[in-house]
Amino acid sequence: MRKKSLLLPLLLSVMLATTTSCQSKNPESSQMATTETTEKAKETFSQEESENAETVETTEQPAAREPILGVPVMSREDYPKVDGSTATLPLSQALYRLATGASKPEAESDIVHSKTTNAYKNLIYGNSDLVIAYEPADSIYEEEKTQNVELDIRPVGKDALVFLCNEGNPVKSLSQQQLVDIYSGKITKWSEVGGAKKGIMAFQRPSGSGSQTLMKNLVMKEVGMAEAPVEMFATEMGELIEELARYNNEENALGYSVYYYVHNMYNLPGLHLMEVDQVMPDNDSIRNGTYPYVNEFYVAVRKDEPKDSNAYRLFQWMTSDDGQTFVESMGYVASKEVKETVTLFAEDNDGQTKTLDIGENQKLVVQADVIGNETGNLIIDKDLNYVNEKKSYTYADQYIDLKEVNQPVIAADNESNMVGVIKFGVDEWIISPEYHTVEEWNDYYGTVLWGSNGDLTERIFSKDGEMVFEIQQGRLEYTDDYIWHFNHNNTVLKIYDKHLTLLNTIDFTPYGTPQYYSNCEKTGIMQLNEGGFVMWSEDGNDFFDCRSMNTDLGKPCALGNKWAAFNQNWSCFIYDREKKQVIFGENEEVTCDRSTLSFTVKSDGKTRIYDTNGEVMKNSDGIEYSIQAGDGYFGYLDDGQIIMEKESSGEKYTLKGRFYEDSTVDVVTNHVFLAQSHPQMYKTETENDNRCYLYNGERKLMEQDSLSYRISAVPVVTDGYRHDKIAFNDEGEILYVSSENETIHLATPSVVVVTRGNYLCILDARGECVLKFLYSNMEDD
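Under the numbering used here, residues 43 to 823 are what the sequence shown spells out, in order.
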């Protein structure tokens, strides 16, 4: 078979856990500043581009282009909903690129498969228009009849069921009968087929998966299969459940999958394909039929699909001679004989060496079960070399992270599940794994150890592992800057600062019998058995007995210097401790910010913010603030714009948009603001619905009907479709801007990790995908 080169023309287009959201009725209308990625992010949002805080609409204007191999040409918006098997995912994405001119990242983002059985079900129920998948299970034909739907299923290629083993296994070939005997339970040891004296761990695939259907139809036929290996997993509620074990590539393992997936998509070092009847599976043995377990894969539509639809046009093209050339050119074996193939997407192979711009002692750590490996962590270096590191412990922090050798990391011992702190990459414990919990607090680690009789030991360690504080009675509670030590019956509280210096001692016994306490950020609250509450400031310098009031206002929530806040029946009340009376909440709308010990009052169309002393908050010019954004930022409305200020640093920003008296602002991170217009109270027939704006300082980065943000590894802003768009660092600098439908897991100046469709993609500093893995949920097909 000869191969000729055929370059695709380029499509020119304009591109682009705490959660707070900004939403309205219609999430479809959006604008966003034209963006690139990582290193290019600063260029993208340069001062020149955003001087007037204008945004660029993200509508595409595809350039006219000639069809490749006669493929039907259409826009991304007009492309039908396509689904399929795991192993046909590259084919579906290539078809999408060929028909629409989309880029590789766009295809990875837009084309998502749900695996064989789900793909056919989606077609039956009208959730997809076109399926490219392996042979459907019997249940699919039954579902067709039940739903009175007929599918048109036609072969477009050939693949094979192949058997997997470890490359160290001395057995290189099994006969068809031996495979039947192994999977029916007659043969249980490798020594029975010429191998080592070890039991055969014969892994299976889930019922209904494409591979399991092929296994039963091609190999076992009428012979029943033995029980599959299973594992016990703990749910979030602690319940043990049984799940089918994944293939682990141990020396005694035997598993199966389809050839294309194993050969082109499965990343598992040390994997070897088993010959069957002395025939190794490859494209030639699949094509000529000398390998015994060959089966076709298919393209399918509903029989009632309109003949002029894009789905049907692609369906017909896939079975044509040009479509078969496309299948063969993508590395699959076509159903029909193909005389010559073509080179597609030559731009994907730019010849550049791919690396990550990280230090020699830095490693990217990905929890192995995220990408299909059973246990351990994938450790990836700057040259993209990676190993599945199986240790006697598991890192207890983020499942994807960039770590430095010798960096202290909280980890759990795999056998005991006890937690400690270990030096990454060195296997040296700083704090032995003998605690039930470990948490980092300022310059220390706090640990908790429960005894068999229910007693509690808590210890605090310095960062180098020296124990500096211990209690064996009572409980420690951590605030941002203080430690509260309650004795065993909560009658006495000792308060320590960051340096573990004792500041105050509070004895609750004069007020009654303590029932339970609450940590409300900067306020402590104790409920008493006799009824009522007492409150204290986090440093213990202020104390208030709520029983001294002449009214019951509900449960306390914050203690200011001169006031106390209470929640009752979804209302907030402010009690003046000096005047000994309720001053706000009976006729006003009141909200309290426990983190800043301030409160906001809305009355008669006017909004005011009061500080911890109960004084109206104003700027240095005497202008009253009406917006509290967080992190020390306050603002006010000025002629339809919002002025945001932070007096401690002298910052002042004008946020240009369409704002009203009820408009709100949240701080995403340092000088990054998410503003919502809230026009409902003032809306006229000619005004637009609610708008959300994202600003970096005064620069408008995004404008949509719905935006939200979350704080995980880094602050991330998400659009109305729950696609992550921009990641920032804590200083408000843009780390990554996504132009696809992605979820951002990690963002640093040198490496970004995102979910893009069915893939976990690792991007370099230019935003280019340098390494990708299929998600583990796609493996069992």
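Virtual Cβ for every residue (Gly too), placed ideally from N, Cα, C.
Cβ neighbour criterion (16 or more within 10 Å) applied to residue i
{"i": "M686", "result": "buried"}
{"i": "Y340", "result": "buried"}
{"i": "Q189", "result": "exposed"}
{"i": "L544", "result": "exposed"}
{"i": "P109", "result": "exposed"}
{"i": "F87", "result": "Confidence in F87 is poor, its pLDDT being 49 and thus under 50, which makes the residue's placement too unreliable to answer from."}
{"i": "Y167", "result": "exposed"}
{"i": "N800", "result": "buried"}
{"i": "M744", "result": "buried"}
{"i": "N611", "result": "exposed"}
{"i": "P212", "result": "exposed"}
{"i": "S170", "result": "buried"}
{"i": "R808", "result": "exposed"}
{"i": "S579", "result": "buried"}
{"i": "R107", "result": "exposed"}
{"i": "L542", "result": "exposed"}
{"i": "E512", "result": "exposed"}
{"i": "N561", "result": "exposed"}
C-beta atoms of residue i and residue j nearer than 9 Å
{"i": "Y183", "j": "L256", "result": "no"}
{"i": "I464", "j": "Y487", "result": "no"}
{"i": "N419", "j": "G312", "result": "no"}
{"i": "C614", "j": "A607", "result": "yes"}
{"i": "V412", "j": "L444", "result": "no"}
{"i": "R196", "j": "F245", "result": "no"}
{"i": "K6", "j": "G674", "result": "In this structure the chain extends from 43 to 823, so residue 6 is not present and cannot be described."}
{"i": "F466", "j": "A136", "result": "no"}
{"i": "Y485", "j": "K433", "result": "Position check: residue 485 holds Asp in this sequence, whereas Tyr was assumed. Not closer than 9 Å, so no."}
{"i": "D584", "j": "V576", "result": "no"}
{"i": "M509", "j": "R501", "result": "yes"}
{"i": "I669", "j": "V707", "result": "yes"}
{"i": "K396", "j": "I421", "result": "no"}
{"i": "S590", "j": "K622", "result": "yes"}
{"i": "D539", "j": "D594", "result": "no"}
{"i": "D766", "j": "S781", "result": "no"}
{"i": "V709", "j": "A671", "result": "yes"}
{"i": "I400", "j": "D423", "result": "yes"}
6 Å CB neighbourhood of residue i in its chain, flanking five on each side removed
{"i": "L813", "result": "L426 and I804"}
{"i": "N712", "result": "E773 and G774"}
{"i": "K240", "result": "W232 and N294"}
{"i": "T654", "result": "G602, N603 and L639"}
{"i": "N306", "result": "none"}
{"i": "R139", "result": "A149"}
{"i": "Y301", "result": "D201, A202, V204 and P323"}
{"i": "I472", "result": "P450, V463 and G507"}
{"i": "G250", "result": "T159 and A179"}
{"i": "Q514", "result": "T499"}
{"i": "C795", "result": "In the sequence as presented, Cys is not what sits at residue 795; that position holds Val. The answer, listed in chain order, is I442, H787, L788 and I804."}
{"i": "E831", "result": "No answer is possible for residue 831: the residues shown for the chain start at 43 and end at 823."}
{"i": "Y695", "result": "M686, G739 and E740"}
8 Å Cβ shell around residue i - same chain, five flanking residues per side excluded
{"i": "Y362", "result": "Note on identity: in this sequence residue 362 is Ser, with Tyr being the wrong assignment. Correct list, in chain order: G112."}
{"i": "A268", "result": "Y225, S226, G227 and A244"}
{"i": "M723", "result": "Residue confidence is low: M723 scores 49 on pLDDT, short of 50, so the model does not pin down where it sits. Its coordinate-derived value is still stated next. So the list reads Y702, E703 and D704, once near-sequence residues are dropped."}
Cβ-heavy atom distance, residue i to the ligand COA, below 8 Å
{"i": "N783", "result": "The model depicted lacks the ligand COA and carries no ligand whatsoever."}
Chain-order list of residues whose beta-carbon lies under 7 Å from that of residue i (same chain, five-residue window excluded)
{"i": "S719", "result": "G699, R700, F701, Y702, S705, N732 and R733"}
{"i": "W492", "result": "H478 and L498"}
{"i": "G647", "result": "E703"}
{"i": "V771", "result": "Note that residue 771 corresponds to Asn in the displayed sequence, not to Val. Closer than 7 Å at the Cβ level, and outside the excluded window around N771, lie V756 and L777."}
{"i": "Y678", "result": "I665, E666, Y667, S668, I669 and I685"}
Entirely within the segment 193-250 and at least 4 residues each: give me those alpha helix (DSSP H) ranges in chain order. 218-226
With a cut-off of 8 Å, do at least 3 Cβ pairs link the segment 496-511 to the segment 550-562? no
Write down every uninterrupted run of the beta strand (DSSP E) in the segment 606-631 whose length is 3 residues or greater and which is fully enclosed by it, in chain order. 613-618 and 623-626
Runs of 3 residues minimum, wholly inside the segment 331-413: which ones carry the beta strand (DSSP E) assignment? 336-344, 382-385 and 404-409
On the three-pair Cβ rule with 8 Å, is the segment 347-354 touching the segment 209-219? no
Determine, using beta-carbon pairs with one atom in the segment 171-183 and one in the segment 112-132, whether at least three such pairs fall under 8 Å. yes
Output the residue ranges of the beta strand (DSSP E) runs that lie fully inside the segment 659-687 and measure 3 residues or longer, sorted by chain position. 669-672 and 675-680
Pairing CB atoms from the segment 392-399 with CB atoms from the segment 431-438, are three or more of them under 8 Å? no
What are the start and end residues of each continuous beta strand (DSSP E) run of 3 or more residues lying completely inside the segment 426-471, in chain order? 428-431, 435-437, 442-446, 450-455 and 461-465
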